[in-house]
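>
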Amino acid sequence: MKIKQLLLLLPLITCISGCGGETTIEIPYEPKPLDTNVTYDNVYLIMGQSNASGVSPHAFLKEKEADVYQKYTQGNDKVLMSFDADERIQKEFVPTKWGFGCGEDFFGPEIGMAETLSQKEETSYIIKASYGGSCLLSQYVNKNGKKLQLYNRYIKFIKQQLKSLESQGKNPRVRGVFWMQGESDSYLYPDSKYYIDGERYFVKYLRSDLNDWIYDYFNFVDAYIFSRGTWYYPEVINDCKEKLSKEEDHFYCIKTNGEDETAIRLSLKSESGQGDDAAHYDAESMLLLGKTAGEYIIK
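First residue of the sequence shown? That's 34 in my numbering, and the numbers climb one at a time after it.
1) Would you call the region 107 to 114 and the region 178 to 185 touching, i.e. three or more CB-CB distances under 8 Å?
2) Looking at C-alpha atoms only, which residue of Tyr62, Ala147, Ser89 is the closest neighbour of Lys104?
3) Would you identify the three-state DSSP class for Trp212, choosing helix, strand or coil?
4) With a 10 Å radius around its C-beta and 16 neighbouring C-beta atoms as the bar for buried, classify Leu321 as buried or exposed.
5) In the DSSP assignment, what residue or residues form a beta bridge with Trp254?
6) In chain order, what are the residue ranges of uninterrupted beta strand (DSSP E) at least 3 long that sit wholly in the region 47 to 132?
7) How far does the beta strand (DSSP E) with Ala162 in it reach, from first residue to last?
8) Who are the Cβ neighbours of Lys65 in its own chain at under 6 Å, not counting the five residues just before and after it?
9) Does Val269 pass the burial test, meaning 16 or more other C-beta atoms within 10 Å, or should it be called exposed?
10) Among Ser219, Gly209, Thr72, Ile79, which has the Cα closest to the Cα of Ser260?
11) Please report the straight-line C-alpha distance between Lys176 and Asp224, rounded to a whole angstrom.
12) Distance check for Arg233 and Gly54, CA to CA, integer angstroms please.
13) Quick check: Met149 and Glu328, are their CB atoms within less than 8 Å of each other?
14) On the DSSP bridge list, what partners appear for Leu301?
15) With a CB to CB cut of under 6 Å and the five nearest residues on each side skipped, what residues in its chain are close to Lys95?
16) What's the C-alpha gap between Lys130 and Tyr265?
17) Would you report the Cα separation of Gly202 and Ser157, rounded to the nearest angstrom?
Structure follows, in structure tokens:
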């Protein structure tokens with residue numbers, strides 16, 4: 034049953050059924066009331082695997098998106114960013130720019146997200162915590178609700194960065210997360226059908242563990258994995274994501290395969306002449322994905 038926002042003032046009891054039977058874990062979540070007299074410093078998270086880290090080559094946008102390319106060559110100082118992505122760590126918050134992906138030549142959703150955020154807010158902060166090839170069910174949270182190595186690593190990093198903002202006199206408010214992940218879990222079929230259990234726990238753990246910085250609500254923005262790439266059974270993962278978007282409050286799912294009028298259509302690098310990579314989005318698609326995620330996360 035869908036939990037109304039008013040009831041979030043009470044601790045949540047999450048009951049999830051998996052192959053081992055019903056598991057009950059108490060996951061407290063009590064978002065603080067939003068004080069309209071207080072100025073908050075909005076923080077947005079990016080998490081997931083390689084399409085969250087970013088393997089899209091920004092050089093292909095130099096002519097097609099000349100203004101954007103110039104802005105993020107210099108850096109967008111309205112959106113400051115910190116990250117722990119694929120062993121590349123930037124602890125200090127710095128202007129968002131190209132090269133915050135898996136390497137200096139690549140970018141992830143942060144550029145498009147920064148474009149959206151900077152049009153709506155004076156100053157925003159992004160924390161990215163992601164790892165290429167990572168698997169929700171074996172590295173973040175399993176189907177029975179056990180927190181795993183990457184979840185523990187990244188929640189520690191995110192908390193450290195929030196406390197760093199506080200030490201600078203900021204008042205961080207975590208507005209939500211963009212989760213771009215699921216490709217690796219599609220290989221686990223038939224166990225990939227349990228993705229919905231692991232992700233349901235993941236959402237609730239994030240909200241609970243970051244409760245001290247959440248006011249009023251926390252948006253969880255998910256996105257379909259690509260259906261035309263190298264992944265096995267992407268429809269299983271995407272079905273789990275879609276079901277959760279209808280089950281959970283403040284949970285949004287971006288359709289990325291052009292399925293209907295509500296969807297965006299993304300392309301792989303191999304489809305756009307940007308290499309033979311059939312696993313990662315081309316530059317134009319990554320920019321669009323980030324912009325779209327930004328529109329949902331700021332709701």
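Backbone N, C-alpha and C define an ideal beta-carbon position, used for all residues, glycine too.
Reading off the structure:
1) no
2) Ala147
3) strand
4) buried
5) For clarity, residue 254 is Val in the given sequence; the question names Trp instead. According to DSSP, Val254 bridges with Phe211, Tyr285.
6) 54 to 60, 74 to 81, 109 to 118, 121 to 129
7) 157 to 163
8) Tyr248
9) buried
10) Ser219
11) 9 Å
12) The predicted position of Gly54 is uncertain, since its pLDDT is 33 and thus under 50; no value can be drawn from it.
13) According to the sequence displayed, residue 149 carries Thr and not Met. In this structure, Glu328 lies closer than 8 Å to Thr149 by Cβ.
14) Tyr314
15) Tyr102
16) 33 Å
17) 15 Å
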